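The block underneath contains the structure these notes are about, expressed in structure tokens.
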Amino acid sequence: MILKAESIAKRYFRKTGEANYFYAVKPVDLTLESGTVTVLMGRSGSGKTTLLNMLSGLLWPSEGQLWLGETNVYSLDDWRLSRLRNEQIGVVPQGRSAIDTLTVMENVLLPGALYGKADKTGMARKWLEEMGIGHLADARPGELSGGELRRMAIARAMTMNPQVILADEPTGDLDDENTALVLNAFRTAASQGKIVFLVTHETDALRYTDRAFQMDAGEIQLVK
């Protein structure tokens, strides 16, 4: 399985005296393969999150195509795209994504409940334990620290057993021990045939990766 971006780009209209456009992400060709961990690094505002959101199908590009295997992702209607993301793409967002009225366990199980999937409680419990927060399964998100919320989001994505894992700053708010725990989990996922793509400022992540890119002003360059 591959996730292949062909000249995907995102531009926005900006009026500066006369009509003008600027590129948040300039045309990118990128192929992500099963069994690999790829890291994208760069300063805040360089376009990293925009690119990740286009790779997940959460953000429509201004131009270009995205393929997951033989599927043209951007050609899908909303229902089929949502189903594809639910079944095959696990996204760990940078911001807070928990629903406060649900417990940690209910938050982790929510994506699997959307399409009447088989019960994933056992898998959810496994990943909460893997992330070191199994004892918080019945807690509410408001009781968790920022790092615990981040690990809950990772457990939620992993519980669905997606083919593709796209994580935006997954080690933010984590200490060294939990950073290593999370990066090892992504490395293990890749060894099991997953496509793993990480946006991070964490230079230690390079030790866990197969390829690394640097992004600056909407352009990416291979550095490893």
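Counting in my numbering, the sequence shown runs from 5 upward without gaps. In this text, a Cβ means the ideal position worked out from N, Cα and C, and glycines have one as well. Every value quoted in this text rests on a predicted model; they were computed, and no experiment measured them.
Sorting 96, 120, 225 by C-alpha distance to the C-alpha of residue 154 places 96 at the top.
The three-state secondary structure of residue 119, taken from DSSP, is coil.
The shortest C-alpha to C-alpha distance from residue 73 to any of 64, 88, 62 is the one to 88.
The residues 14, 15, 16, 51, 54, 222, in chain order, have a CB closer than 8 Å to that of residue 28 in the same chain once the five nearest residues on each side in sequence are set aside. In the structure shown, the three-state DSSP call for residue 31 is strand.
Straight-line spacing of the CA atoms in residue 140 and residue 10 works out to 42 Å.
Within the same chain, 6, 7, 42, 199, 201 come within 7 Å of residue 36 by CB-CB distance, once the 5 residues on both sides are set aside. Under a 10 Å Cβ-count criterion, residue 123 is classified as exposed, with fewer than 16 other Cβ atoms of the shown protein chains found around its own Cβ. Counting along the chain, residue 180 sits inside the alpha helix (DSSP H) bounded by residues 180-195. If you ignore the 5 residues before and after residue 160, its C-beta comes within less than 7 Å of the C-beta of 111, 112, 115, all in its own chain and listed in chain order.
With a contact defined as Cβ atoms closer than 8 Å, residue 107 and residue 47 miss out at about 37 Å. Beta-bridge annotation (DSSP): residue 171 is paired with 96, 202. A straight line joining the alpha-carbon of residue 181 with that of residue 44 spans about 22 Å.
Counting other Cβ atoms within 10 Å of its Cβ, residue 147 stays below 16 and is therefore classed as exposed. As DSSP reads the structure, residue 133 sits in no beta bridge. In the three-state reduction of the DSSP assignment, residue 105 falls in the coil class.
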